Amino acid sequence: MEGLTPSQLTFFRENGYLNHTPHQIHHRRRRNQQKRPHVGDDYFLNSGDKIRFFFEPDAFSSTPDPATGKPTLLKPKQQAINKIGHALHSLSPPFEKVSLSARNAAIAKSLGFVDPRLLQSMVICKQPGIGGAVPPHRDSEFLYTRPPSAVGWWFALQDAGPGNATLGMWKGSHRQGIKRRFVRKIGENGKVVGTEFVENDGPEMPRGSEGYGQDQGQEVKDEDLEILDITAGSLVLIHGNVLHKSEKNTSPRSRFAYTFHVIEGADGWDYDERNWLQPPEGGEFSKLYR
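Residue numbering for the sequence shown follows the numbering used here, beginning at 17 and increasing consecutively.
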């Protein structure tokens, strides 16, 4: 099985992302989508080895219903879900087939992974009119290893373009380091009480790319923001250090995508115990090389 071509690797290394050729996954969109409510931080924090369902905040009324004391759901449930995650790749056979595949293993090998581990798989819905914005961020802020190693696999299940809240990438911003971390917040009693951003006190750059540091003190520029036009079935590879975002979907068209992340699991890379997503107790993240 072939991985990335030399020209594709060059583009990825220069820009921090790659809009790749169509994959078979788009033929499987909208399967296995039962609906459940988002019931708070524990529901989110313990979803790393489960399939759970999270509502769009704008799917609810801004004030409680006087009769129930609870916000009212304003959309049909199938149009109110923000995302489904975060272990589709290990608990849903169709998603397992397209995630833990020889093709993805070949791509990981092209990228230099020694022991790639797959985690945080999810369907992102971007519902029409209410699909929430994702602010600028870098994936290694959330799935931090020492040193950073995360790469995102983002499959378009529907066409994504400027009209329906597609991805926006700051070209070359992967040359900047990871300055902050999204971690589990520990309360005075020693128990997890939520999440927070903290300053990164570990390595900021992936191994072998420390020479990119010439841009670490520079601000990203508006002219470097690339708004992607992505055909259904395409794969976008996202460097863990590249700054990217998506806007609120104010259009009448949904923008479904399936995404997961790969980190280095070999000796010399440590997955941080403060990360919001943790492997199951006594377990490990899924191996991509089989």
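The beta-carbon is built from N, C-alpha and C at its ideal position, and this holds for glycine as well. Note that the structure is predicted; figures quoted are calculated from it, not measured.
query = Hey, would you say V150 sits closer than 8 Å to I100, going by beta carbons?
reply = On the sequence shown, residue 150 is found 134 positions in, with the first residue counted as 1. On the sequence shown, residue 100 is found 84 positions in, with the first residue counted as 1. No, they are not a contact pair.
- [ ] Kindly indicate which residue of V114, D175, E220, P152 has the alpha-carbon position closest to the one of L241.
- [x] Locating residue 241 in the sequence shown gives position 225, where the first residue counts as 1. Among V114, D175, E220, P152, the Cα nearest to that of L241 is on P152.
If you drop the 5 nearest sequence neighbours on each side, which residues of the same chain put their C-beta closer than 7 Å to that of F129? By one-based count along the sequence shown, residue 129 stands at place 113. Non-local beta-carbon contacts of F129 in its own chain, meaning distances under 7 Å to residues more than five positions away in sequence, involve V278, E280 in chain order.
*Of all the options G284, E263, T26, L89, which has the alpha carbon lying nearest to the alpha carbon of S126?*
For the purposes of this step, residue 126 is identified with residue 110 of the sequence shown, where counting begins at 1. Looking at G284, E263, T26, L89, the one whose alpha-carbon comes closest to that of S126 is T26.
Subject >> Exposure of S78, with buried meaning 16 or more beta-carbon neighbours within 10 Å >> reply: Numbered from its first residue, the sequence shown carries residue 78 at position 62. By the neighbour-count definition (other C-beta atoms within 10 Å, threshold 16), S78 is an exposed residue.
On the three-state DSSP scale, how would you describe K201? By 1-based counting over the sequence shown, the position of residue 201 is 185. In the structure shown, K201 sits in a strand (DSSP, three-state: E or B).
- request: State the CB to CB distance for the pair L135 and F272, rounded to an integer number of angstroms; the pair is presumed to be in contact (CB under 8 Å).
  value: Numbered from 1 along the sequence shown, position 119 holds the residue referred to as residue 135. Numbered from 1 along the sequence shown, position 256 holds the residue referred to as residue 272. Not quite, the Cβ-Cβ distance comes to about 21 Å (not below 8 Å), so this is no contact.
**Prompt:** What residue range is occupied by the uninterrupted alpha helix (DSSP H) comprising T88?
**Reply:** Here residue 88 refers to the residue found at position 72 when the sequence shown is read from its first residue. That residue, T88, is in no alpha helix (DSSP H); its beta strand (DSSP E) goes 87–89.
(Q) If you measure between the beta carbons of L183 and V252, is that distance less than 8 Å? (A) In the sequence shown, counting from the first residue as 1, residue 183 sits at position 167. In the sequence shown, counting from the first residue as 1, residue 252 sits at position 236. Yes, these two residues count as a Cβ contact at 8 Å.
Q) Do you know whose CA, among D131, I123, G32, lies nearest D283's CA? A) Position 267 of the sequence shown, counted from the start, is the residue given in the question as residue 283. Closest option to D283, Cα to Cα, is D131.
Tell me whether Y274 sits in a helix, a strand or coil according to DSSP, three-state version. Along the sequence shown, read from residue 1 onward, the residue named residue 274 stands at position 258. Strand, per DSSP.
Discussion item. Measuring only the C-alpha atoms, how far is G193 from E220?
Written reply: The sequence position of residue 193 within the sequence shown is 177, counting from 1. The sequence position of residue 220 within the sequence shown is 204, counting from 1. If I take the Cα positions, the gap works out to 4 Å.
- Just checking my contact of F71 with A103 at CB under 8 Å: how many whole Å lie between their CB atoms? Here the question's residue 71 lines up with position 55 in the sequence shown. Here the question's residue 103 lines up with position 87 in the sequence shown. With a Cβ gap of about 19 Å, F71 and A103 do not count as contacting.
Between the CA atoms of D57 and R47 - distance to the nearest angstrom | Residue mapping note: residue 47 aligns to position 31 of the sequence shown, counting from 1. Residue mapping note: residue 57 aligns to position 41 of the sequence shown, counting from 1. Because the pLDDT of R47 is 37, which lies under 50, any placement of that residue in the model is unreliable, and the question is left without a value.
- Query: With 16 other CB atoms within 10 Å as the buried threshold, where does G148 fall?
  - Reply: In the sequence shown, counting from the first residue as 1, residue 148 sits at position 132. Per the 10 Å Cβ criterion, buried.
| message | Residues in the same chain with beta-carbon distance under 8 Å from D286, minus the five sequence neighbours each way, listed in chain order, please. | response | As a position in the sequence shown, residue 286 is number 270, starting the count at 1. If we look at D286 and ignore the five residues flanking it on each side, its Cβ neighbours are T161, R162.
| task | List the DSSP bridge partners of H36. | result | As a position in the sequence shown, residue 36 is number 20, starting the count at 1. According to DSSP, which records beta bridges pairwise, H36 is partnered with nothing at all.
Quick one: using the 10 Å Cβ neighbour count with 16 as the cut-off for buried, is M185 buried or exposed? Locating residue 185 in the sequence shown gives position 169, where the first residue counts as 1. With 16 or more other Cβ atoms within 10 Å, it is buried.
* Selected residue, minimal CA-CA separation from G256, among Y274, W170, G299, E239 -> Here residue 256 is taken as the residue at index 240 of the sequence shown, counted from 1. The shortest C-alpha separation from G256 is found at W170.
Flag this pair as yes or no: are the beta carbons of N180 and S267 separated by less than 8 Å? Translated into positions along the sequence shown, residue 180 becomes position 164. Translated into positions along the sequence shown, residue 267 becomes position 251. Their beta carbons are under 8 Å apart, which means N180 touches S267 by this criterion.
ask   = Thinking C-beta only, is V208 closer than 8 Å to L61?
value = As a first step, residue 61 is located in the sequence shown; it is residue number 45 there, counting from the start. As a first step, residue 208 is located in the sequence shown; it is residue number 192 there, counting from the start. For L61 and V208, yes; Cβs fall inside 8 Å.
- Query: Quick one: what's R162 bridged to in DSSP?
  - Reply: Translated into the one-based positions of the sequence shown, residue 162 becomes position 146. Answer by DSSP bridge pairing, in chain order: D286.
So, are the CB atoms of K142 and S270 less than 8 Å apart?
-> Within the sequence shown, numbered from 1, the residue matching residue 142 stands at position 126. Within the sequence shown, numbered from 1, the residue matching residue 270 stands at position 254. Cβ atoms of K142 and S270: closer than 8 Å.
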